[in-house]
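Below: one structure, written as structure tokens.
There are 2 protein chains.
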Amino acid sequence: FQLNPFWIELAYFITLSSLGFLSLKATNPRTVSSLLPKDIDLFFTSVSAATVSSMSTVEMEVFSNIQLVFLTFLMLFGGVVFTSMLGLHLTRAKMNRKGNIEPDSSDSSHDSNHHIDQPGMITNPETEEKSIEKEENQGFKLKSIKILSYLVLGYLVLVHALGSTLISIYLSLIPSAGKVLKRKGLNMQTFSIFTTVSTFSNCGFVPTNENMVIFKKNSGLLLILIPLILMGNTLYPVFLRLSIFFMEFMTKRAEFRYMLKNSRELGYGHLLPGVHSVYLMITVLGFIVVQLIVFCLLEWNSEATSGISGYEKVVGSLFQVVNSRHTGESVFDLSAISQAILVLFVVMMYLPPYTSFLPIQEAENVCEGVKSKRKNKDFWEHILFSQLTYLTIFIILICITERQQMKKDPLNFNVLNIVLEVISAYGNVGFTIGYSCERQIIPDGQCKDKLYGFAGKWSGEGKFVLIVVMFFGRLKNYNMRGGRAWRLL
Amino acid sequence: FQLNPFWIELAYFITLSSLGFLSLKATNPRTVSSLLPKDIDLFFTSVSAATVSSMSTVEMEVFSNIQLVFLTFLMLFGGVVFTSMLGLHLTRAKMNRKGNIEPDSSDSSHDSNHHIDQPGMITNPETEEKSIEKEENQGFKLKSIKILSYLVLGYLVLVHALGSTLISIYLSLIPSAGKVLKRKGLNMQTFSIFTTVSTFSNCGFVPTNENMVIFKKNSGLLLILIPLILMGNTLYPVFLRLSIFFMEFMTKRAEFRYMLKNSRELGYGHLLPGVHSVYLMITVLGFIVVQLIVFCLLEWNSEATSGISGYEKVVGSLFQVVNSRHTGESVFDLSAISQAILVLFVVMMYLPPYTSFLPIQEAENVCEGVKSKRKNKDFWEHILFSQLTYLTIFIILICITERQQMKKDPLNFNVLNIVLEVISAYGNVGFTIGYSCERQIIPDGQCKDKLYGFAGKWSGEGKFVLIVVMFFGRLKNYNMRGGRAWRLL
Ligand SMILES: [K+]
Ligand SMILES: [K+]
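Residue numbers (my numbering), protein chains in the order written: chain A, 764 to 1252; chain B, 764 to 1252.
Structure below.
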């Protein structure tokens, strides 16, 4: 009996979110009982943490210290690096069980959680020789996978320890940052660990209502977080490869050399071949530079970045554009930023983390990879819609569920804001325009500005659609090749 | 010396647009001299007609009878069917010149104007036998192409004659429609021919300011136009194939049989193989049905469709959704339509005309086609961005050129309206939200509602970007495979 890995992973995230919901429900928030968050909002928050999205429909300071701890665990267990490590352990367990008998390639590509497509991974055992060789290699491969899984664990522990220590030191040394926590009654230890886990897993929740806006003058803190963001997501394959290099250099073990040379055969989607890692790094840095230039050109003298020094503006802008790919922490109010940049952010949020520019030969391999994979797949996988089609359907659904508000309150409920919210949930980013009473055209006397996301003002159905989008986004790798049977001509 | 067909086609459209501009400039409009359209608007209109976009920055009733005739020629010469016929003649001339000596496949795929990708067309002459057979076939192929080009000419003439006759008869018989023309001082003959050419070429200009809104109760007229729209664009391959069937049945000539069997080898991109034609038809009708259902569900009792009977609503809705793919004539005011449908329309406008759903085997051929083609192309073609990336860049540019207005007048200048305008220009559709003085938040005393597109209120730079987008959209087939070297992972 073979469970489809998609269902395993979906079950994992639903279980995680449900456990999160129950523990948030069972414990008391900081607010008075009359302002208790609704069940749907608690579930939304739990899903948002587990899928590392950081979309919010509740202000963060509502949560008590113990609830923040629960959220920390959700973010830790939901993060990409952590789940990929679980995947490695599963692969190992499965290979052990099979006892090297079946080197079933079509299956190994499907094992575990790391479902980034690996073209060229499936080598048909055309010649007998190769197949014998392969079986001999199997034991060595198993050992390499074991070592790799420990390496990933070490990477995780080390980065988290380093990150939270640095943040703690910064908070103790810089009074302006420390005072913020004191004023808000936040535990410094909780804050450091929460923020480290949130940043490394690229979730983007921060225990303060204002997210990072309140720290926009604390450039040092931002500079600690930027490498954490990159190490935990877009540049993870690069840092992983560097770690293996380092370990190989230190220990001279053959397994590390094997990992470096046969990156794809290990079946760990985050370990990319050397050339590919270089292209990935260039692409990631390229996107950051382009965004930074556009951001500085359009926002240098704008309202959004006013009140801080030139140096703080540069660091803040850098922090903001590094966050647009996946993390979604903010130092500037997005609703004050020019729409041209919002459109750019929508594109950046849409791009999957390992988007990279590859020269022609590689691109051809991709095509071959598609073909060889295709044979093993069933009909339904081919008539799946593409990502963009699903996203459009979700956006249209939200436009329908929120149609009353779109008529009454067109400046808050406009299509750009909805698109940004949906793509933000799909990309598991967490950027939001928010909701502002000032933008209401027919002012509603009872309106109070709240520091949660735009989705917080949506109807229950709208929030439910967004929960689905967050799950869909977290599991998007399974649909990456969807819509291939549609031909745009 | 071999000119790249992209440059030939670009030169064709720029020449056509420039000639159009000069003739519009040289003749007098109907308005008094103080309201003469600016040069950029005349050029915009000319480009819009030549690229069959029907984007407008001038009210249509400004143009005098002779100017409408000029526009008719622009639309006729710019239409897809007409340019593809020119392409067939060019192919024939080139094959004649070469005298069947070089059956150069890499070249023949590049000939002429019909640059829709034809995977599987390039058959490598692997075996000697095949290559000899091919040369024998060459003469027959040449003859078939000749006959095909006459067939296309006949199709063009017949459909135009039939269309304008039917419209003339309708206008003479139905007083309500005839009166509109009289009131507006439009020549009935000009109106019939202009509308037929505009509809068949899928341009979508109508000599009235209100486009087809003024005829929303004339369901008969709409029912005449709907088949014209389909025959001239999305279903042209189906009707072309049916015509060949019919001719084969009538004349029993071998050339027609050859065309039916070797559709792709003729190198005429609009002649698709039988199975593909069937899938195309299913896809086109499927899109229409889905749109019609959504439109009727959301708009049955809305403001936009008020004041007409149920039957007129159904026909009007059908007309509106058939127009969303390419033609862009409107019977309902788009600014009154719910935003969910606008998002759906944006998707429909974006889809290239021959988008179709293909079963798996065909999809694999596509992949093979890509690979065999790839070898002949140069580096630059691979690092071209994808269509969506270019469109995003254009949208961001417009957000920058119109940033002042976006702040002052956010209900008119919002991102959805800009996206709709840009995608409309890219798809050569012509839908627009327009501009409404009522939607101004800070009312501007001098504002007067005009019946031209939203782009009419843009700055000169914005209009210029949109002109570029229209050319880009008309020539989009050359970039269809752009961005392949980018890997979204
Ligand atoms: K995030
Ligand atoms: K059009």
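In this text, a Cβ means the ideal position worked out from N, Cα and C, and glycines have one as well.
Note to self: Given 7 Å as the limit, tell me if serine 737/B has its C-beta closer than that to any heavy atom belonging to ligand 2.
What the structure shows: Within the shown structure, residues of chain B are numbered from 764 to 1252, placing residue 737/B beyond reach of any answer.
Margin query: Cutting at 7 Å between CB atoms, please list the residues of its own chain near asparagine 974/A, excluding the five before and the five after it.
Written below: Around asparagine 974/A: Glu1092 and Ser1093.
Notebook entry, point to check: Regarding glycine 967/B and ligand 2, is the C-beta to nearest heavy atom distance less than 7 Å?
Noted result: yes
Next item on the list: Using a cut-off of 9 Å between C-beta atoms, extract the partners of threonine 1155/B located in chain A.
Entry: Val1106, Leu1107, Val1109 and Val1110
Next item on the list: For chain A, find out if any of its Cβ atoms is closer than 8 Å to the Cβ of methionine 1044/B; answer yes or no.
Entry: Residue-level contact check: methionine 1044/B does not touch chain A, since none of the beta carbons of chain A fall below 8 Å from its beta carbon.
Notebook entry, point to check: Would you call serine 1119/A buried or exposed, if buried means 16 or more other Cβ atoms sit within 10 Å of its Cβ?
Noted result: buried
Notebook entry, point to check: In chain order, which continuous runs of the alpha helix (DSSP H) of length 4 or greater are located wholly inside the segment 788–820 of chain A?
Noted result: 802–813
Next item on the list: Tell me, to the nearest whole angstrom, how far the beta carbon of asparagine 972/A is from that of glutamate 1201/A; I am working on the premise that it is less than 8 Å.
Entry: Actually they do not touch by this definition, with Cβ atoms about 18 Å apart.
Notebook entry, point to check: What are the residues of the segment 1196–1219 of chain B that lie near chain A, defined by any Cβ-Cβ distance shorter than 8 Å?
Noted result: Ile1204
Margin query: Using CA atoms only, rank isn't needed, just tell me which of Tyr775/B, Ser1087/B and Arg855/B is closest to glycine 1030/B.
Written below: Arg855/B
Margin query: Strictly by DSSP, which residues pair up with phenylalanine 1176/B?
Written below: Phenylalanine 1176/B is not bridged to any residue.
Notebook entry, point to check: Can you check whether the CB of methionine 1233/A is closer than 8 Å to the CB of valine 922/A?
Noted result: Annotated as distal: valine 922/A and methionine 1233/A, with beta-carbon spacing of 8 Å or more.
Notebook entry, point to check: In whole angstroms, what separates the C-alpha of glutamate 865/A from that of tyrosine 775/A?
Noted result: Note on glutamate 865/A: pLDDT 45, under 50, position unreliable in the model; the coordinate value appears next. Approximately 27 Å between the Cα atoms of the pair.
Margin query: Rounded to whole angstroms, what is the Cα-Cα separation between methionine 858/B and serine 907/B?
Written below: 12 Å
Notebook entry, point to check: What are the residues of the segment 1081–1106 of chain A that lie near chain B, defined by any Cβ-Cβ distance shorter than 9 Å?
Noted result: Within the segment 1081–1106 of chain A, the qualifying residues are Ser1101, Gln1102, Ala1103, Ile1104, Leu1105 and Val1106.
Notebook entry, point to check: Using the C-alpha atoms, what's the distance from serine 931/B back to leucine 984/B?
Noted result: 10 Å
Notebook entry, point to check: Can you find a heavy atom of ligand 1 that lies under 7 Å from the Cβ of histidine 1089/A?
Noted result: yes
Checklist line | Cα-Cα separation, alanine 813/A to valine 832/A | finding: Alanine 813/A and valine 832/A have their C-alpha atoms some 13 Å from each other.
Note to self: Looking at ligand 1, does it come within less than 7 Å of glycine 1193/A, judged from the CB to the closest heavy atom?
What the structure shows: If you check the C-beta of glycine 1193/A against ligand 1, you find a heavy atom less than 7 Å away.
Notebook entry, point to check: So, is the C-beta of proline 1173/A closer than 8 Å to a C-beta in chain B?
Noted result: Yes, proline 1173/A counts as interfacial toward chain B.
Check: Quick one: does valine 1231/A have its CB under 8 Å from some CB of chain B?
Finding: no
Checklist line | Outcome for tyrosine 1074/A when other beta-carbon atoms lying within 10 angstroms are tallied against a minimum of 16 | finding: exposed
Notebook entry, point to check: If you draw a straight line from the alpha carbon of isoleucine 992/A to that of leucine 914/A, how long is it in whole angstroms?
Noted result: Using only the alpha carbons, I get a separation of about 19 Å.
Notebook entry, point to check: Taking the alpha-carbon positions, what's the glycine 995/B to leucine 929/B distance?
Noted result: Approximately 16 Å, taken between the alpha carbons.
Check: Around the Cβ of proline 1000/B, are there at least 16 other Cβ atoms within 10 angstroms (buried) or fewer (exposed)?
Finding: buried
Note to self: Here's the rule I'm using: 16 or more other beta-carbon atoms within 10 Å means buried, otherwise exposed. How should alanine 789/A be labelled?
What the structure shows: By the 10 Å Cβ count, alanine 789/A comes out exposed.
Item checked: Contact check, valine 1185/A vs isoleucine 1161/A, beta carbons under 8 Å -> Yes. Within cutoff.
Next item on the list: Go to serine 1040/B, then tell me how far its alpha helix (DSSP H) extends in each direction, as first and last residue.
Entry: 1037–1062
Check: Closest Cβ-Cβ distance between cysteine 1162/A and chain B: below 8 Å?
Finding: yes
Item checked: serine 847/B and tyrosine 918/B closer than 8 Å at C-beta -> no
Next item on the list: Please check the pair lysine 1226/A and phenylalanine 807/A, which I expect to be a contact at CB under 8 Å, by giving their CB distance rounded to whole angstroms.
Entry: 6 Å
Note to self: Less than 7 Å separating the Cβ of lysine 947/B from some heavy atom of ligand 3?
What the structure shows: Summarising the ligand content, the structure contains ligand 1 and ligand 2 and does not contain ligand 3.
Next item on the list: Measure the C-alpha to C-alpha separation of threonine 1068/B and glycine 1049/B and round it to an integer number of angstroms.
Entry: 23 Å
Check: With a Cβ-Cβ cutoff of 8 Å, do glutamate 1028/A and phenylalanine 1019/A count as a contact?
Finding: no
Margin query: So that I know if they touch, is there some Cβ in chain A lying closer than 8 Å to that of leucine 1179/B?
Written below: yes
Next item on the list: Return helix, strand or coil for phenylalanine 1120/A, following the three-state DSSP convention.
Entry: Strand at phenylalanine 1120/A.
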